[in-house]
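Each remark here refers to the structure printed beneath this line.
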Amino acid sequence: MNSSLKNHYSFLFLSLLLFIILAGCARSEPVDHCLTGHTYGFFGGLWHGFIAPFDLIGMLFNKKITMYAQNNNGGFYALGFLLGSGGWGFFGSRGSRRIYHRKISVKSDRFDEAQIVE
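For what it's worth, the working numbering labels the leading residue of the sequence shown as 14, then goes sequentially.
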């Protein structure tokens with residue numbers, strides 16, 4: 014294995030280890046006051062996933078706006094949020110694919126079987 018590749022993996026490993034250690038020092042936020050009222054399910058997560066880009070812009074200007082509802086039912090909300098935000102590529106545009114054309118010389122062998130249409 015190349016020594017620069019070993020150094021790269023060592024750096025990634027140490028960075029990940031440092032991140033885990035520092036993340037363990039983070040304090041937990043009380044969310045009990047958020048868990049009252051309506052519990053969001055799959056369709057709530059789907060809607061929140063659709064509007065996530067707008068939530069991100071709103072979060073930059075207002076600290077009361079959040080992107081992810083704390084009062085959710087778990088896995089179904091997360092699945093809806095993931096599908097709504099396009100996390101797995103569902104609902105993606107197929108129109109963005111490019112079509113490449115090759116230029117072929119008339120003198121090439123590819124035109125030997127071509128028919129001339131008048």
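A virtual CB, placed ideally from N, CA and C, is assigned to each residue, including glycine.
Check, Outcome
"Are the CB atoms of N84 and Y53 nearer to each other than 8 Å?", "yes"
"Classify S98 as buried or exposed, calling it buried when 16 or more other Cβ atoms lie within 10 Å of its own Cβ.", "buried"
"Could you compute how far the alpha carbon of I70 sits from the alpha carbon of S16?", "43 Å"
"Quick check on the DSSP output: the alpha helix (DSSP H) that includes D68 runs from which residue to which?", "65-74"
"With a threshold of 8 Å, are at least 3 pairs of Cβ atoms found where one atom belongs to the segment 82-96 and the other to the segment 50-69?", "yes"
"State the beta-bridge partners of N85 as determined by DSSP.", "Y53"
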